[in-house]
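Listed in order, the protein sequences are those of chains A and B.
Per this note's numbering: the first sequence = residues 4 to 217.
Per this note's numbering: the second sequence = residues 4 to 217.
Structure record follows, encoded as structure tokens.
There are 2 protein chains.
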Amino acid sequence: MPSDDTPEPRRWRRRKDERPQEIVAAALAVFAERGFAAARLDDVAARAGVSKGTLYLYFPSKEELFKAVVRAAILPNLERAERLVDGAPGATFALLDRILAMMGEVIATTQAAIIPKLVIAEAGNFPELAAFYHQEVVQRGLALLARLLERGVARGEFRPLPIDHAARLIVAPLLMCAMWRSAFDAVAPLDVSALIATHRDHLRRVLLVTEDTA
Amino acid sequence: MPSDDTPEPRRWRRRKDERPQEIVAAALAVFAERGFAAARLDDVAARAGVSKGTLYLYFPSKEELFKAVVRAAILPNLERAERLVDGAPGATFALLDRILAMMGEVIATTQAAIIPKLVIAEAGNFPELAAFYHQEVVQRGLALLARLLERGVARGEFRPLPIDHAARLIVAPLLMCAMWRSAFDAVAPLDVSALIATHRDHLRRVLLVTEDTA
DNA sequence: TGTTAATAACTGACCAGTCAGTTATTAACT
DNA sequence: AGTTAATAACTGACTGGTCAGTTATTAACA
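As structure tokens, this is what we get:
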């Protein structure tokens, strides 16, 4: 064996602050295809181009890494929806429509769609995570929809409604689409945006005071 | 210690054909609280009052046991719903109403509610199981609802509808309730039957040709 | 030279699945 | 009835592999 050549110069990472994002992205991918329990940190590390030990420089445990993944994948979308609703000009239903379309898009095209599945699947083993997700995502999302519905009712656009139930019933098909994509897309792909469009039509009938077409 | 009572001299099982059900019931309970991957067969065995080796006399693997659990928990309910629809006398919406109530009851009160969660969570690791569930439960359930909706449309009770989408939108809230119960019931219990009742009211608005109250 | 970032080899716990052996139940034959 | 032989039901210690988390070591750089 030759001793003089430089065997693998092994470039170290310069911008240390990129590492966490890279790791989180890799973890999302691995969790997405294996679930939490079956995901190997060795695989996460390999996909991030890093050794397993390095993971522990940034995240104290697999569970904390999981929480970071959830945060990174969900919160930006939620905040986007909140900005949409808060700077709200026109008709309330049009606003709801945009939110549905946005969520449908996220569910249909991004890996973030598997997050609810992961959280729900692991809720039993990690109650703390379930509580975190419930507070930071579910509550917040439902509150957003409730605000929107109340706005519609207050402006006389929507019928009086059981706000809390209605909010949940608006979310349900989105959740179902997310689940479907994680579980059955391989065996029977689902046209998410078409289904959401029908959902929108149904919601118009349910919510609006006057029912005119288009 | 009185000597006359039966001091539990370890009665062997006479009726060998009861064992599978006992094991399946125990497995359902353990899977329900740990998920598939984290469930220990030792725990399943202990809960069934049996040793781990015995499990393998009845089921060749953990995965097959899982499938048996799914079958046992889901199929009876599905068949019940099918009988309901097939011997169908009166108004179609009343029929739908009964099915919703039945499913709500099952979701609110039985352990079967965690089955969809388990299947969805493990779909990535056991594609064969996902395919099995899709075919034997999802397809069959959606077909049932589609039949019901077509009946309503044919009899002039329901508006013309995108049948397939409508069927899925009917199921979505039920699925959400099942998921919620598995994941968040400890932190924020959900009144399933009240939510389903609101869902029913919404469906009336969406489905019926004439919208009269009550 | 000392500090930081990263690694790779290692450890220890965990658990599905196995199998050699044990105990109950039944049959067969006095 | 009582004894024995055969079988069915069941057990639990063990194995082999897997993986989260740890640590001793090395490279880079100021």
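Backbone N, C-alpha and C define an ideal beta-carbon position, used for all residues, glycine too.
These numbers come from a predicted model, not from an experiment.
(request) Could you name the residues of chain A that B/Pro130 contacts, counting a contact when the two beta carbons are closer than 9 Å? (result) Mapped onto the second sequence, residue 130 of chain B falls at position 127. Under the 9 Å cutoff, chain A gives Ala189, Val190.
(request) Note down the Cα distance separating B/Val212 from A/Glu160, rounded to an integer number of angstroms. (result) Here the question's residue 212 of chain B lines up with position 209 in the second sequence. Here the question's residue 160 of chain A lines up with position 157 in the first sequence. Distance between the alpha carbons of B/Val212 and A/Glu160 is about 22 Å.
(request) Closer than 8 Å by beta-carbon distance: list the chain A residues that pair up with B/Leu172, in chain order. (result) Locating residue 172 of chain B in the second sequence gives position 169, counting from the first residue. Result: Pro176, Leu198, Thr201, His202, His205.
(message) So, at 6 Å on beta carbons, what are the nonlocal neighbours of B/Arg13 in its own chain, with the 5 sequence-adjacent residues on each side left out?
(response) Numbered from 1 along the second sequence, position 10 holds the residue referred to as residue 13 of chain B. Low per-residue confidence applies at B/Arg13: pLDDT is 41, beneath 50, and the placement is therefore not dependable, though the value from the model is reported in the following sentence. Closer than 6 Å at the Cβ level, and outside the excluded window around B/Arg13, lies no residue.
(request) Kindly list, in the order they appear in chain A, the residues whose Cβ is closer than 8 Å to that of B/Glu36. (result) Counting from one through the second sequence, the residue named residue 36 of chain B turns up at place 33. Correct list: Gly127.
(message) Quick check on DSSP: helix, strand or coil for A/Arg18?
(response) Your numbering for residue 18 of chain A matches position 15 in the first sequence. Annotation note: pLDDT 48 at A/Arg18 (below 50); position unreliable, no value reported.
(request) Mind checking which residues open and close the alpha helix (DSSP H) that includes B/Asp89? (result) For this step, residue 89 of chain B is matched to residue 86 along the second sequence. From DSSP, the alpha helix (DSSP H) with B/Asp89 extends over 65-89.
(request) Given a cut-off of 8 Å, decide if B/Ile110 and B/Leu87 are closer than it, judged by their beta-carbon atoms. (result) By 1-based counting over the second sequence, the position of residue 87 of chain B is 84. By 1-based counting over the second sequence, the position of residue 110 of chain B is 107. Not in contact: B/Leu87 and B/Ile110 (Cβ atoms no closer than 8 Å).
(message) For a quick check, are the C-beta atoms of B/Ala133 and A/Ala40 less than 8 Å apart?
(response) Position 130 of the second sequence, counted from the start, is the residue given in the question as residue 133 of chain B. Position 37 of the first sequence, counted from the start, is the residue given in the question as residue 40 of chain A. No, these two residues do not count as a Cβ contact at 8 Å.
(message) For B/Met106 and B/Leu210, what's the separation of their Cα atoms in angstroms?
(response) As a working mapping, residue 106 of chain B is identified with position 103 in the second sequence. As a working mapping, residue 210 of chain B is identified with position 207 in the second sequence. Taking the straight line from one Cα to the other gives about 19 Å.
(request) Within 10 angstroms of the Cβ of A/Leu206, are there 16 or more other Cβ atoms? Answer buried if so, exposed if not. (result) For the purposes of this step, residue 206 of chain A is taken as the residue at position 203 of the first sequence. It is buried - the Cβ of A/Leu206 has at least 16 other Cβ atoms within 10 Å.
(message) Cβ closer than 8 Å: which chain B residues qualify as neighbours of A/Val122?
(response) For this step, residue 122 of chain A is matched to residue 119 along the first sequence. Simply Ala186.
(request) Examine chain A for any beta-carbon lying closer than 8 Å to the beta-carbon of B/Val209, and answer yes or no. (result) In the second sequence, the residue the question calls residue 209 of chain B occupies position 206. Interface residue, yes.
(request) Report the residue from A/Ile117, A/Arg171, A/Val174 whose alpha carbon sits nearest the alpha carbon of A/Ala32. (result) Here residue 32 of chain A refers to the residue found at position 29 of the first sequence. The residue with the shortest Cα to Cα distance from A/Ala32 is A/Ile117.
(message) For B/Thr95 and B/Arg158, which I take to be in contact (beta-carbon distance under 8 Å), what is that distance rounded to the nearest angstrom?
(response) Reading the second sequence from its first residue, position 92 is the one you call residue 95 of chain B. Reading the second sequence from its first residue, position 155 is the one you call residue 158 of chain B. About 6 Å separates the two Cβ atoms, so the contact holds.
(request) Could you tell me which uninterrupted alpha helix (DSSP H) segments, each at least 4 residues in length, are contained entirely in the region 93-164 of chain A, listed from first to last along the chain? (result) Runs of the alpha helix (DSSP H) inside the region 93-164 of chain A: 95-112, 118-125, 130-136, 143-157.
(message) Using a Cβ distance threshold of 8 Å, determine whether the region 168-183 of chain A contacts the region 168-182 of chain B, with at least three qualifying pairs required.
(response) Counting C-beta pairs closer than 8 Å gives three or more between the region 168-183 of chain A and the region 168-182 of chain B, which meets the contact rule.
(request) Tell me whether the beta-carbon of A/Val122 lies closer than 8 Å to the beta-carbon of A/Val73. (result) Here the question's residue 122 of chain A lines up with position 119 in the first sequence. Here the question's residue 73 of chain A lines up with position 70 in the first sequence. Contact flag set, yes.
(request) Measure the alpha-carbon distance for A/Val156 versus A/Ala169 and round it to whole angstroms. (result) Position 153 of the first sequence, counted from the start, is the residue given in the question as residue 156 of chain A. Position 166 of the first sequence, counted from the start, is the residue given in the question as residue 169 of chain A. Rounded to the nearest angstrom, the gap between the Cα atoms of A/Val156 and A/Ala169 is 12 Å.
(message) Please classify B/Leu152 as buried or exposed, where buried requires at least 16 other C-beta atoms within 10 Å of its C-beta.
(response) Walking along the second sequence from the start, residue 152 of chain B turns up at place 149. So B/Leu152 counts as buried.
(request) Can you grab the Cα-Cα spacing for the pair B/Pro23 / A/Glu139, in whole Å? (result) Position 20 of the second sequence, counting from 1, holds the residue named residue 23 of chain B. Position 136 of the first sequence, counting from 1, holds the residue named residue 139 of chain A. Cα to Cα, B/Pro23 sits roughly 42 Å from A/Glu139.
(request) Give the DSSP-derived three-state secondary structure of A/Leu193 in the structure shown. (result) Within the first sequence, residue 193 of chain A is the residue found at index 190, counting from 1. In the structure shown, A/Leu193 sits in coil (DSSP, three-state: anything other than H, G, I, E or B).
(message) Measuring only the C-alpha atoms, how far is B/His137 from A/Glu125?
(response) Your numbering for residue 137 of chain B matches position 134 in the second sequence. Your numbering for residue 125 of chain A matches position 122 in the first sequence. Spanning the two alpha carbons is a distance of roughly 22 Å.
(message) Less than 8 Å between the C-beta atoms of A/Val47 and A/Ile26, yes or no?
(response) Locating residue 47 of chain A in the first sequence gives position 44, where the first residue counts as 1. Locating residue 26 of chain A in the first sequence gives position 23, where the first residue counts as 1. Taking 8 Å as the cut-off, the beta carbon of A/Val47 is found closer than this to the beta carbon of A/Ile26.
(message) One question on the structure: do A/Ala91 and A/Leu98 come within less than 8 Å of each other, judged by their Cβ atoms?
(response) Here residue 91 of chain A refers to the residue found at position 88 when the first sequence is read from its first residue. Here residue 98 of chain A refers to the residue found at position 95 when the first sequence is read from its first residue. Yes, the pair counts as a contact, with Cβ atoms nearer than the cut-off.
(message) Any beta carbon from chain B within less than 8 Å of A/Pro165's own beta carbon?
(response) The residue labelled residue 165 of chain A in the question sits at position 162 within the first sequence. Judged by the 8 Å Cβ criterion, A/Pro165 is in contact with chain B.
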